[in-house]
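Encoded as structure tokens, the structure appears first; notes follow it.
In UniProt numbering, the protein residues as written are 1 to 167.
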């Protein structure tokens, strides 16, 4: 009896494709293929997040070194600021700004130290669409960048108003 496919070989092939075991195997291959794609995407994203965090940490480290160097210079100025200078209103203002900035830097450094002790490596495993808030390290790095800019401003003010010129 001739099949609807025309030849016996085509009929066998059509029958083989509709076989339940073949369909299960095809479905399993599809599921494995999808899982591989998802895992590959997650792996790529995790590797990128690790690299980004390393870059962020390096940048933060450079900013902290800069801030430390600037504070050393400011500290030296404060050591030589004598009674006569402390009567100068500009110097008094600059000293107050240094003090406030020092408190802010201290708070930020304590935050970074706390973050370092409390690693959150697992955040990188959470899909990006789940994260509504930035990571704490990102916030700390951003705050350090802002503090660096403030330190630069305070140092520039010193030059602008010649506060240290004759020390």
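Yeah, the Cβ is synthetic: ideal placement off N, Cα and C, and Gly gets one too.
Ranked by Cα distance from residue 55, the options 151, 98, 138 and 39 are led by 138. Under the three-state reduction of DSSP, residue 88 is assigned to coil, being neither helix nor strand.
Annotation for residue 94: 154, 157, 158, 161 and 163 place their beta carbon closer than 8 Å to its own, counting only its chain and skipping 5 residues before and after.
Counting along the chain, no alpha helix (DSSP H) covers residue 162, and no H or E run does either. With fewer than 16 other beta carbons inside 10 angstroms of its own, residue 30 counts as exposed. Spanning the alpha carbons of residue 51 and residue 26 requires a straight line of approximately 37 Å. For residue 42, the secondary structure class from DSSP, reduced to helix, strand or coil, is helix. Under the 8 Å Cβ criterion, the segment 63-76 counts as touching the segment 94-112, having at least three qualifying pairs. In the three-state DSSP reduction, residue 19 falls in the coil class, being neither helix nor strand. Under the three-state reduction of DSSP, residue 35 is assigned to helix.
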